[in-house]
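Counting from 9, one number per residue, gives the positions in the sequence shown under the numbering used here.
We treat Cβ as the ideally placed atom computed from N, Cα and C, and that holds for glycine.
Take a look at the structure set out below.
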Amino acid sequence: MELTVEPVWSWTAVTLVALGLLALVVVTYRLQAGVVSVRRRWTLLALKLAAVVALIFAMFRPAVQTTESDENSVQLLVAVDVSRSMNTADDTAGQTRMQAVWQDLARHSARWKALSEKVTIRQFEFDRAVRPLREQRQAGDGELTAIGHALEELLKEIRQQRTVGLLLLTDGAQRAVPPFDRDPLQAARQLAAEQTPIYPIGYGTTALSASSIDLAVQDLLVDPVVFEKKLV
Numbered sequence: 009m010e011l012t013v014e015p016v017w018s019w020t021a022v023t024l025v026a027l028g029l030l031a032l033v034v035v036t037y038r039l040q041a042g043v044v045s046v047r048r049r050w051t052l053l054a055l056k057l058a059a060v061v062a063l064i065f066a067m068f069r070p071a072v073q074t075t076e077s078d079e080n081s082v083q084l085l086v087a088v089d090v091s092r093s094m095n096t097a098d099d100t101a102g103q104t105r106m107q108a109v110w111q112d113l114a115r116h117s118a119r120w121k122a123l124s125e126k127v128t129i130r131q132f133e134f135d136r137a138v139r140p141l142r143e144q145r146q147a148g149d150g151e152l153t154a155i156g157h158a159l160e161e162l163l164k165e166i167r168q169q170r171t172v173g174l175l176l177l178t179d180g181a182q183r184a185v186p187p188f189d190r191d192p193l194q195a196a197r198q199l200a201a202e203q204t205p206i207y208p209i210g211y212g213t214t215a216l217s218a219s220s221i222d223l224a225v226q227d228l229l230v231d232p233v234v235f236e237k238k239l240v
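Here it is, written out as structure tokens:
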């Protein structure tokens with residue numbers, strides 16, 4: 009608990025006004041001598057002083073500040089994409105996207121440790137489902153990259169505890185089939201409604217290289233004779 013004073017004007021101006029009001033009360037009290045009875049003079053003086061004191065009190069604007077600490081812990085969620093696309097080695101150093109994720113997490117380990125003293129850090133991995141992150145995972149094995157579905161699942165965790173944000177580590181490619189093909193944008197809006205920001209960190213590159221190609225067409229069977237308006 010702390011007492012604070014924030015006058016409406018500067019301290020000098022408020023002090024001068026307060027002294028002027030008190031002087032006015034004294035002058036009017038003396039002017040009333042011999043005009044009204046002593047009892048009435050004292051009554052008027054008490055009323056004037058009460059009004060002036062109340063006005064001075066309002067001009068100085070005293071306040072009592074109290075500080076309350078919130079004992080309810082907050083959390084930061086970290087979600088790592090573990091789909092097979094994270095095994096693509098398109099980094100400039102020749103490492104996979106999954107290896108780049110672990111490198112980034114290890115590089116900032118000191119900051120993670122300092123942050124964990126103030127915030128509960130919860131790490132998850134996702135493909136078609138969301139589960140606790142398996143540390144030092146070397147490769148992704150998920151068949152789907154259901155980002156929208158993962159966000160909806162993490163939303164359940166967010167609603168159970170105050171969350172400062174969601175750190176999303178992924179290559180950003182939504183590859184999912186029903187019933188896991190939830191719209192990521194719609195899911196992100198639901199997190200925004202809970203006042204939980206998403207901080208996406210992208211991995212991978214849009215440029216293709218010999219090491220980044222994970223699909224190749226080796227053969228193509230078509231009719232050697234093509235007629236007009238025939239679908240091939």
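Residue closest to residue i, alpha-carbon to alpha-carbon, out of the options
| i | options | result |
| --- | --- | --- |
| G210 | A87, E160, F235 | A87 |
| R183 | G156, A201, L162 | G156 |
| V60 | L152, A26, Q107 | A26 |
| Q146 | T96, A54, T36, S81 | T96 |
| V172 | G42, A31, L85 | L85 |
| G74 | M9, L123, G102, L30 | One point to set straight first is that residue 74 is Thr, not Gly, in the sequence displayed. Selected option, being the one with the closest Cα: M9. |
| G212 | D149, R92, T104, V82 | T104 |
| K164 | F65, T51, L199 | L199 |
| L3 | E151, R142, M94, Y207 | No information on residue 3 is available, as it lies outside the stretch 9 to 240 that the chain covers here. |
| M106 | D99, S117, L113, M94 | M94 |
| I129 | A101, R170, D99, D98 | R170 |
| L53 | L113, L63, Q40 | Q40 |
| L162 | E143, F134, A118 | F134 |
Rounded separation between residue i and residue j - CA only
| i | j | result |
| --- | --- | --- |
| P187 | A137 | 11 Å |
| Q203 | D191 | 19 Å |
| A21 | L57 | 20 Å |
| E160 | R115 | 29 Å |
| Q131 | Q194 | 23 Å |
| R139 | Q111 | 21 Å |
| D231 | A158 | 43 Å |
| S45 | T36 | 14 Å |
| A108 | R92 | 14 Å |
| W19 | L29 | 15 Å |
| E125 | R167 | 22 Å |
| G180 | A154 | 10 Å |
| G148 | A201 | 31 Å |
| A31 | V43 | 20 Å |
| Q83 | D189 | 27 Å |
| L24 | L174 | 55 Å |
| V233 | E151 | 38 Å |
| R49 | R38 | 9 Å |
| L113 | T100 | 18 Å |
| G102 | R197 | 36 Å |
| V33 | S81 | 56 Å |
| W120 | A62 | 54 Å |
Identity of the residues DSSP links to residue i by a beta bridge
| i | result |
| --- | --- |
| R170 | DSSP output for R170 lists no bridge partner at all. |
| L177 | V88, I209 |
| A41 | V44 |
| R130 | L85 |
| G150 | S91 |
| T204 | DSSP, once it has assigned bridges, lists no residue as partnering T204. |
| R197 | R197 pairs with nothing; no bridge assigned. |
| V13 | P70 |
| R183 | T153 |
| R139 | E133 |
(message) I want to know whether the region 12-30 touches the region 54-71 - three or more CB-CB distances under 8 Å.
(response) yes
(request) Only counting runs of 3 or more residues, tell me where the beta strand (DSSP E) segments fall wholly within the region 49-125, in order along the chain. (result) 70-73, 83-89
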